[in-house]
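**Student:** Here's a structure for you.
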């Protein structure tokens with residue numbers, strides 16, 4: 274990982290782009306605050322994972338090719354999602370393995386870094402907490418945990434906040450049941466899984482649940498809202514910005 | 018396996034609604050998971066060990082045809098009679114021929130998933146032959162006329178109270194007791210008599226060593242040893258993938274198997290069967306047979322990606338760590354092999370039309386891969402099966418009934434999605450449109466995927482200004 278590069282690309286992810294842009298802006302702002310020039314290619318879109326995991330690799334490749342083009346320069350690509358990050362970093366090389374872009378996809382993958390990992394490893398980010406005392410809990414997305422292996426970075430940032438108590442879930446390593454199309458194709462199983470996740474979150478007594486992935490947050494947040502729980506589900510970037518402004 | 022299409026949605030709903038089942042499963046899976054973690058407490062050592070396990074299994078599969086021939090030759094030299102079965106029907110015919118030749122009617126069985134795969138018990142029952150399961154878990158579910166719900170712990174869906182009730186009702190003159198030791202003693206008493214009366218013993222095989230012609234059998238109750246030594250005839254059945262090259266390949270695999278399955282350093286019994294009773298020996302079967310079952314495995318083997326499926330050593334730890342299996346149990350999957358391994362193996366054997374839906378019962382959370390002792394890329398294979406479900410193009414390695422799901426609606430949807438996401442101006446326009454209709458969405462009638470989502474989750478709303486727009490407004494560079 275490059276130490277303090279001058280410029281970085283920001284890959285917003287389609288979910289943040291369309292539904293949760295404030296999380297993307299928070300991610301960008303925290304990078305800028307460190308003196309990093311952020312480039313947001315307007316020609317970016319989705320990483321292609323929805324099609325890739327649903328059984329449509331050709332369509333996924335078509336969309337992935339657009340991202341190779343949009344992020345063509347040699348800047349690090351910072352992404353506020355373990356799931357979409359995993360797609361770019363670990364699956365693009367497989368998706369393009371027998372394509373003319375094979376080498377390009379591998380080089381692209383090498384430039385991809387999950388947002389919290391980049392803040393800690395490349396920028397050694399130091400945070401000063403300016404918020405009132407609060408308790409939060411953390412949901413590890415499966416891809417951030419197992420594919421990108423970046424959970425400790427986000428948590429280490431949270432632990433820098435003096436007035437924030439991080440209460441861990443009993444089953445932190447268990448999937449929330451989102452799984453993209455799984456959440457609607459296997460809605461019954463998915464609902465059973467998220468019900469357990471929500472119960473786990475509620476037993477912590479935390480004022481908010483944080484994560485580094487909006488797929489899970491949309492799912493968990495949606496389930497909390499469905500049962501009229503006051504606990505918000507928030508991206509860690511938004512939370513860190515709020516606390517340090 | 019079964020010819021009847023499994024009604025997955027109905028099965029899943031039923032399992033999810035069974036509170037007792039879910040409590041039993043959760044408790045059992047937690048215990049098994051904890052035991053495994055305790056044994057493999059050093060992640061680095063575990064990675065080394067499983068890299069070795071993976072290498073052993075890959076080396077065996079690379080030379081599978083040669084190793085099977087060597088196994089046959091060595092077994093034959095040792096006096097074990099080898100039979101090849103391409104289909105379950107072929108395997109059952111071999112069983113029947115041997116049983117009838119000995120005029121036998123009483124078969125005692127050690128635990129074997131391959132015998133479940135060929136539905137041996139049902140086949141024999143229809144021909145008036147009693148096949149008694151002697152593994153405690155298998156015995157319990159046989160009393161209940163059920164099939165195994167887990168590949169290692171077949172009665173894991175039941176708790177102690179349910180077993181107490183079952184024994185009291187199904188075994189004559191059995192007083193009700195919930196004391197585990199007493200329940201064990203009851204089963205032991207019934208089974209002891211059956212062991213002595215058994216005319217044919219049936220077992221599975223955990224590893225077959227090509228170098229020496231040795232059949233290895235892992236078990237905890239001693240019933241496997243009884244089944245393979247007490248009756249005059251022993252018939253072992255294995256899938257062709259269970260062969261390993263050398264004797265020295267066994268210890269690391271055994272360590273991985275028992276550690277992953279039950280968190281044991283080693284099982285109470287480990288049997289190495291190398292021949293029938295030799296002249297002058299006082300015990301052991303007079304005949305030993307080995308049935309090598311293909312049942313679609315050669316086809317799986319032919320594809321370099323799918324071949325990884327065959328590395329499996331059937332430890333069942335992927336089931337124990339699967340958040341989906343933990344909530345459903347094995348019966349809901351409707352086939353012999355449930356959970357993550359079942360979801361990649363079954364559709365390849367049975368075909369995608371009936372079993373392909375199993376590949377959709379995963380969030381790709383990767384918990385299974387994290388613990389797999391032979392590093393099977395389970396999510397990649399699940400994804401491959403999803404792709405094959407839509408892919409009508411025939412290749413030599415296409416999975417049976419590929420393309421069964423192909424339909425104009427989904428094809429068009431994904432094509433449209435790809436076009437929009439690969440064309441920046443269309444993407445910008447659609448983001449804007451979604452921003453406009455977004456706030457109205459919750460007011461629309463819930464149908465299709467919106468309805469599925471809404472059963473337990475509030476709908477997200479599209480932002481009026483996308484991140485693209487906000488970034489532009491804030492002057493974030495676009496290069």
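Residue numbers (this note's numbering), protein chains in the order written: chain A, 274 to 518; chain B, 18 to 496. The beta-carbon is built from N, C-alpha and C at its ideal position, and this holds for glycine as well. Please read these numbers as outputs of a predicted model, since none were measured by experiment.
(1) Which one or two residues does DSSP pair with residue 292 of chain A in a beta bridge?
(2) State the DSSP-derived secondary structure class of residue 263 of chain B, mapped to helix, strand or coil.
(3) Could you work out which residues of chain B lie near residue 461 of chain A, taking near to mean beta carbons separated by less than 7 Å?
(4) Measuring only the C-alpha atoms, how far is residue 61 of chain B from residue 68 of chain B?
(5) Please list the segments of the beta strand (DSSP E) lying wholly inside the segment 414-467 of chain B, counting only runs of 3 or more residues, in order along the chain.
(6) Run through chain B and tell me which residues come within less than 7 Å of residue 328 of chain A, C-beta to C-beta.
(7) Kindly indicate which residue of B:157, B:82, B:140, B:352 has the alpha-carbon position closest to the one of residue 259 of chain B.
(8) Residue 381 of chain B: which of A:303, A:414, A:287 sits nearest, CA to CA?
(9) Report the rounded CA-to-CA distance for residue 511 of chain A versus residue 505 of chain A, giving the unit in angstroms.
(10) Taking the alpha helix (DSSP H) that residue 519 of chain B falls in, what are its first and last residues?
(11) Per DSSP, what are the beta-bridge partners of residue 251 of chain B in this structure?
(12) Give the secondary structure of residue 290 of chain B by DSSP, where H, G and I count as helix, E and B as strand, and everything else as coil.
(13) Check whether chain D comes within 8 Å of residue 382 of chain B, counting only Cβ atoms and requiring the distance to be less than that.
(14) Kindly indicate which three-state DSSP category residue 428 of chain A falls into: helix, strand or coil?
(15) Establish whether the CB of residue 277 of chain B and some CB of chain A are separated by less than 8 Å.
(16) Pick helix, strand or coil for residue 361 of chain B, following the three-state DSSP scheme.
(17) Taking 8 Å as the threshold (C-beta atoms), are residue 393 of chain B and residue 269 of chain B in contact?
(18) According to the neighbour-count rule (16 or more other Cβ atoms, all chains shown, within 10 Å of its Cβ), is residue 168 of chain B buried or exposed?
(19) Check whether the Cβ atoms of residue 331 of chain B and residue 130 of chain B sit closer than 8 Å, and answer yes or no.
(20) Run through the segment 167-236 of chain B for me and flag every whole beta strand (DSSP E) of 3 or more residues, listed as ranges in chain order.
(21) Please confirm whether residue 395 of chain B has its beta-carbon closer than 8 Å to some beta-carbon of chain A.
(22) For the putative contact between residue 439 of chain B and residue 339 of chain A, defined by C-beta atoms under 8 Å, what is the C-beta separation to the nearest angstrom?
(23) Of all Cβ atoms in chain B, is any one closer than 8 Å to the Cβ of residue 313 of chain A?
(24) Which residue wins for smallest C-alpha separation from residue 464 of chain A, given the options B:475, B:212, B:347?
(25) Helix, strand or coil for residue 502 of chain A per DSSP?
(26) Can you list, in chain order, the residues of the segment 475-487 of chain B whose Cβ is nearer than 9 Å to any Cβ on chain A?
(27) Are any of the Cβ atoms in chain B nearer than 8 Å to that of residue 291 of chain A?
(28) Span of the beta strand (DSSP E) holding residue 100 of chain B?
(29) What does the alpha-carbon distance come out to for the pair residue 513 of chain A and residue 431 of chain A?
(30) Leaving aside the five residues before and after residue 237 of chain B along the sequence, list all residues of the same chain whose C-beta is less than 7 Å from its C-beta, in chain order.
(31) Under 8 Å between C-beta atoms, does residue 491 of chain A make it to chain B?
(32) I'd like to know whether the C-beta of residue 20 of chain B is nearer than 8 Å to at least one C-beta of chain A.
(33) Quick one: what's got a C-beta closer than 7 Å to residue 350 of chain B's C-beta in the same chain, skipping five residues either side?
(34) Comparing alpha-carbon positions, which option in B:175, B:96, B:23 lies nearest residue 39 of chain B?
(35) Nearest chain A C-beta to residue 129 of chain B closer than 8 Å, yes or no?
(36) Per the contact definition of three or more C-beta pairs closer than 8 Å, is the segment 361-379 of chain B in contact with the segment 287-298 of chain A?
**Tutor:** For this structure:
(1) Stepping through the first chain from its first residue, residue 292 of chain A is reached at position 19. Answer is none; residue 292 of chain A lacks a bridge partner.
(2) Residue mapping note: residue 263 of chain B aligns to position 246 of the second chain, counting from 1. Coil, per DSSP.
(3) The residue labelled residue 461 of chain A in the question sits at position 188 within the first chain. Neighbours of residue 461 of chain A in chain B, taken as residues whose beta carbon is under 7 Å from its own, are 29, 30, 33 in chain order.
(4) By 1-based counting over the second chain, the position of residue 61 of chain B is 44. By 1-based counting over the second chain, the position of residue 68 of chain B is 51. Distance between the alpha carbons of residue 61 of chain B and residue 68 of chain B is about 11 Å.
(5) none
(6) To locate residue 328 of chain A, count along the first chain from 1; it is residue 55. Going along chain B in sequence order, the residues near residue 328 of chain A (Cβ under 7 Å) are 403, 404, 406, 407.
(7) Looking up residue 259 of chain B in the second chain gives position 242. Measuring from the Cα of residue 259 of chain B, the nearest candidate turns out to be B:82.
(8) Translated into positions along the second chain, residue 381 of chain B becomes position 364. Looking at the Cα atoms, A:414 is the closest of the given residues.
(9) Counting from one through the first chain, the residue named residue 511 of chain A turns up at place 238. Counting from one through the first chain, the residue named residue 505 of chain A turns up at place 232. Straight-line Cα distance between these residues: approximately 12 Å.
(10) The first residue shown for chain B is 18 and the last is 496, placing residue 519 of chain B beyond what the model contains.
(11) For the purposes of this step, residue 251 of chain B is taken as residue 234 along the second chain, with counting starting at 1. Beta-bridge partners assigned by DSSP to residue 251 of chain B: B:218, B:305.
(12) Within the second chain, residue 290 of chain B is the residue found at index 273, counting from 1. Reduced to three states, the DSSP call for residue 290 of chain B is strand.
(13) No chain D is part of this structure, whose protein chains are labelled A and B.
(14) Taking the first residue of the first chain as 1, we reach residue 428 of chain A at position 155. Three-state DSSP puts residue 428 of chain A in a helix.
(15) To locate residue 277 of chain B, count along the second chain from 1; it is residue 260. No, residue 277 of chain B lies away from the interface with chain A (no Cβ there is under 8 Å from its Cβ).
(16) To locate residue 361 of chain B, count along the second chain from 1; it is residue 344. Helix, per DSSP.
(17) Your numbering for residue 269 of chain B matches position 252 in the second chain. Your numbering for residue 393 of chain B matches position 376 in the second chain. Cβ atoms of residue 269 of chain B and residue 393 of chain B: not closer than 8 Å.
(18) Numbered from its first residue, the second chain carries residue 168 of chain B at position 151. Buried, since its Cβ has 16 or more Cβ neighbours within 10 Å.
(19) Numbered from its first residue, the second chain carries residue 331 of chain B at position 314. Numbered from its first residue, the second chain carries residue 130 of chain B at position 113. Pairing residue 331 of chain B with residue 130 of chain B gives a Cβ-Cβ distance under 8 Å.
(20) 217-220, 224-226, 231-236
(21) By 1-based counting over the second chain, the position of residue 395 of chain B is 378. No - not a single Cβ of chain A is within 8 Å of the one on residue 395 of chain B.
(22) Working through the second chain from its first residue, we reach residue 439 of chain B at position 422. Working through the first chain from its first residue, we reach residue 339 of chain A at position 66. Separation of the CB atoms of residue 439 of chain B and residue 339 of chain A is rounded to 4 Å, and the pair is thereby assigned contact status at 8 Å.
(23) Position 40 of the first chain, counted from the first residue, corresponds to residue 313 of chain A. Interface residue, yes.
(24) As a first step, residue 464 of chain A is located in the first chain; it is residue number 191 there, counting from the start. Per the Cα distances, B:475.
(25) Residue numbering aside, residue 502 of chain A sits at position 229 when the first chain is read from its first letter. In the structure shown, residue 502 of chain A sits in coil (DSSP, three-state: anything other than H, G, I, E or B).
(26) Result list: 475, 476, 477, 478, 479, 480, 482, 483, 484, 485, 486, 487.
(27) As a first step, residue 291 of chain A is located in the first chain; it is residue number 18 there, counting from the start. Residue contact with chain B for residue 291 of chain A: present (Cβ-Cβ distance below 8 Å to some residue of chain B).
(28) Stepping through the second chain from its first residue, residue 100 of chain B is reached at position 83. Note, residue 100 of chain B: beta strand (DSSP E), 97-102.
(29) Position 240 of the first chain, counting from 1, holds the residue named residue 513 of chain A. Position 158 of the first chain, counting from 1, holds the residue named residue 431 of chain A. Roughly 8 Å between the two C-alpha positions.
(30) Indexing the second chain from 1 puts residue 237 of chain B at position 220. Counting only Cβ-Cβ distances below 7 Å, and skipping sequence neighbours, we find 284, 285, 286.
(31) For this step, residue 491 of chain A is matched to residue 218 along the first chain. Yes, residue 491 of chain A lies at the interface with chain B (some Cβ there is under 8 Å from its Cβ).
(32) Taking the second chain and counting its residues from 1, one reaches residue 20 of chain B at position 3. For residue 20 of chain B, the predicted model reports a pLDDT of 48, less than 50, meaning its position is unreliable; a value from the coordinates is still stated below. No, because no Cβ of chain A sits closer than 8 Å to the Cβ of residue 20 of chain B.
(33) Reading the second chain from its first residue, position 333 is the one you call residue 350 of chain B. Excluding residues within five positions, the ones whose Cβ falls inside 7 Å are 359, 375.
(34) Position 22 of the second chain, counted from the first residue, corresponds to residue 39 of chain B. When only C-alpha atoms are compared, the closest one is B:175.
(35) Taking the second chain and counting its residues from 1, the one referred to as residue 129 of chain B is at position 112. Not closer than 8 Å to any Cβ of chain A, the Cβ of residue 129 of chain B fails to qualify, so no.
(36) no
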